[in-house]
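Okay, structure first, notes after.
Chains as they are written, first to last, in the numbering used here: chain A, 1 to 328; chain B, 1001 to 1328; chain C, 2001 to 2328.
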């Protein structure tokens, strides 16, 4: 694995999941794999879980992580080719990235969408420019349209749950495919589509589940990620008999970056959960309590959000491990 | 020792002081005690000495410290139970803390008082919520009402001075109890009562000194911390024959968070020092020169503020060492 | 070497350059030299290359670097003696620096000029106060008037180019002195004179080149740094037959901190480069593309800006190594 920016960079999802779970069982099993190597963690916007988990993952492999909050600590970067830089940007990615490539062995980057111009955001210019000019492996810590470390974590967490079911439940051992539902939830702000896009892309590529996406009208996601899933505006129908319910808000894709319907009825409650197959409830966090998800769900026995967030470390460690191995 | 949030967490103050002074004599004596362990240092407000000294202390014990400036680098946290999070907070401590508990082995937190609502501040909701939900040892890097690492440092520094007096001065060796005076000082801003509360609590618990607190009318501190000390509005009387003078500003406790009298006459000067027993002058820093404390004192032979600030490392190292030992 | 704040701290430039190039050949050759030692990196203003390269250099030597963004993470510092601190500054360097001296083995500081008061800036009060009160070696990460780590890097990079010329070109091996030109370039903001001052000071002290400085009228630099160089307002004449062209903007020195002429004609282009001796083009970065330097130069074969920025690591490593060696 050279870069890690989407599921397309992963030769075999289950092998990567297995690797992550091996690190969860023994975090220091490869503690010298990254000795003498450095990873730069560049944040163009804030992050907590992603920052901490990736830093910890790198340290578990013996690498030296260096965190750099671009903008706060450094410079506003320019990404457009041929820009006449007489405005607010002070350094071009064409100049900054090659230096990062000399300073580090792996570069991890957190970028963000404007939510103003869909074509710009979906071109993934920022991360593509870093890949083009850095000359070293690049790991996405969330980009304008995708969040692959989160999605890998989600598949790891789902796999763990399926493995732990006794008698063997759905999934490989149980013979029956689990039903995974991604449901839109209300929020107070227009959010990126990254997590929803990425989760859809990974569940589809994984191919081991019946996958249903439910959201109000006008919240259709980009088909390049959702194709293969059943899509419905009827949340009740979607939730029925679900084994996993992934809750997430996103803003509109077509009329880009808007909040249309923000119906509080879409918030998941215990009452709604009653129609599922005692589903595990997932969320990437941070979550707005009692707006996106009710206290009763988050504090109840079906929530696996803490397990999910904790697995971020093992997802990052598996990815860095693969990249280090391919550099040998 | 499981948590460290006040003197009540310390089984035996002198034993902890002794441990700290042993680290001062040989900082790397336990350099593998924390190997493979991580401490998260969460700052909800800025810090210099506390941040650096705790980070260094952790490294001296072989731990990996990870600093995270919440808010600046991450998220605004919600602490109220059952909050409907449609406002400015983006993550609840109930969700954030357990993840910290999975990422780290020890969690150290710097919180702050609002200085607006006394009941809220004195409930210590922030640090209590972290303790409740993190599931790992929590160290206070200053909370809404207390600053125990500072106070431990202060007792360490006083002990050092008493040990170094020849012929043996006051204190254990000398047979006579030292006189310690905490005096209020002017300032330009309303400050928390943390350092004054905590110093009072520790000196009282230590029990090896005659303890006098002096301040203008209306600056009475919370009795739960000061009980046992002699309290007077007459600074001259208080300073007489003092062995240690601890200088600190604080805002009012009763009519909460206000500045009443801000009389510059309360600033300590060499003239005032003349009536003491050649007292050592202490301050937790940062200090507003020529407002809280005069240049002549800070640059003179009686100031031990640098020694005091430097001892912060050994205080933190002793505390982390105790917590690590209890985790074995 | 005790401190590193200008070329005057360096006993022998070529020996330091040689040391840096040895680290470039084998970065971990002295990987335990700094074991058990700590360097504090204090930033009073933002930095990317300097921050990352110094942090990496310290780690290569086995030191623990601790980055602290003063102001952002900590306190506004006061530098004036006898200040009555009732304003916005919360801690005096007289109190902060000695504590840094206790916490760290080496202190590296990034300060900045106001560009408002020339006497103040050129007094280098900030860095001098740190040296006076810290009691440990101080390394400039750029000060109000100089940027010695950048200049050392520049001499390293020039030396590398001269060594790599076959048949041996100008410089020591070739027998002919290279021609180095420092040319002013347009910019959108008034910038410090640091890099230009420092480059001039180092090239003059190195003494192995014909050194020409060119800039529009009114942009004369301080003679204490430029003395020995040929100075001309005719850029075309200056560039003729040049082996190295160092491009940099600076604001006026005499009528301090102003932009007078900002003629875009001063931007270096391929056409201008044609009259040189196939000159290597240098810039300290960050660079405003198509304002200070054209895309065609930066993306062309003559630019060595990436090599130059990458050499920052080895410059810092050589300096820290010298200081560590002198502490033994």
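Cβ coordinates follow ideal geometry from the N, Cα and C atoms, glycine included. Computed from a predicted model, the values in this text were never measured in an experiment.
Under the 7 Å criterion on CB atoms, residue 2294 of chain C is classed as non-interfacial with respect to chain A. Here residue 299 of chain A is exposed: its Cβ has fewer than 16 other Cβ atoms, across all protein chains shown, within 10 Å. Between residue 2308 of chain C and residue 2282 of chain C, the gap from beta carbon to beta carbon is short of 7 Å. Classified as exposed, residue 2018 of chain C has fewer than 16 neighbouring CB atoms from the shown chains inside 10 Å of its CB.
Inclusion of residue 2040 of chain C and residue 2056 of chain C in the CB contact set at 7 Å is not warranted, their separation being larger than that value. Between residue 86 of chain A and chain C, the shortest Cβ-Cβ separation is below 7 Å. Within the same chain, and ignoring the five residues on either side of residue 130 of chain A in sequence, the residues whose Cβ sits closer than 7 Å to its Cβ are 93, 97, 107, 109 and 138.
Within the same chain, and ignoring the five residues on either side of residue 161 of chain A in sequence, the residues whose Cβ sits closer than 6 Å to its Cβ are 280. The region 194 to 205 of chain A makes contact with the region 247 to 263 of chain A, as at least three CB pairs between them are under 8 Å.
Against residue 1321 of chain B, chain C offers no close residue; the least beta-carbon distance is about 18 Å (beta-carbon pairs closer than 9 Å).
The beta carbon of residue 106 of chain A does not come within 7 Å of any beta carbon belonging to chain B, so the residue lies off that interface. Per DSSP, the beta-bridge partners of residue 140 of chain A are A:109.
DSSP, reduced to helix, strand and coil, places residue 2038 of chain C within a strand of the structure shown. Under DSSP, residue 2229 of chain C shares a beta bridge with C:2227. Straight across, the Cα-Cα distance linking residue 2024 of chain C with residue 2031 of chain C is about 13 Å. Residue 36 of chain A reaches chain C at 2028, counting residues in chain order whose Cβ is nearer than 7 Å.
Counting only residues of its own chain and dropping the five nearest sequence neighbours on each side, residue 235 of chain A has a CB closer than 7 Å to the CB of 183, 214 and 266. Put simply, the backbone Cα of residue 1201 of chain B is about 5 Å away from that of residue 1225 of chain B.
Residue-level contact check: residue 1310 of chain B touches chain C, since one or more beta carbons of chain C fall below 7 Å from its beta carbon. DSSP, reduced to helix, strand and coil, places residue 1082 of chain B outside both helices and strands of the structure shown, so it counts as coil. Per the C-alpha coordinates, the member of B:1326, B:1320, B:1319 and B:1306 positioned closest to residue 2133 of chain C is B:1306. A Cβ-Cβ separation of about 18 Å leaves residue 2221 of chain C out of contact with residue 2112 of chain C under the 8 Å criterion.
Per DSSP, residue 128 of chain A is one residue of the alpha helix (DSSP H) stretching across 125 to 134. Beyond the five residues adjoining it in sequence on each side, residue 303 of chain A comes within less than 7 Å, by CB distance, of 281 and 297 in the same chain, given in chain order.
When DSSP states are grouped into helix, strand and coil, residue 1268 of chain B belongs to the strand group. Taking the beta carbon of residue 1049 of chain B as reference, the chain C residues within 8 Å of it are 2099, listed in sequence order. Listed along chain C are 2048, 2051 and 2052, each with a C-beta nearer than 9 Å to that of residue 68 of chain A. In this structure, DSSP gives residue 1246 of chain B an extended state, which the three-state scheme calls strand. In this structure, residue 206 of chain A places its C-beta atom within 7 Å of the C-beta atom of residue 155 of chain A. At least 7 Å separates the beta-carbon of residue 2259 of chain C from that of residue 2001 of chain C.
The residue among A:245, A:262 and A:241 with its C-alpha nearest the C-alpha of residue 217 of chain A is A:262. Residues of the same chain with a CB within less than 7 Å of the CB of residue 315 of chain A, apart from the 5 flanking positions on each side, are 20, 149, 152, 153 and 156 in chain order. In the assembly as shown, residue 1104 of chain B is a buried residue. Its beta-carbon has 16 or more other beta-carbons within 10 Å. At a cut-off of 7 Å between C-beta atoms, residue 290 of chain A counts as an interface residue with respect to chain B.
Taking C-alpha positions only, residue 273 of chain A is separated from residue 239 of chain A by approximately 7 Å. With respect to chain B, the C-beta atom of residue 12 of chain A has no partner C-beta closer than 7 Å.
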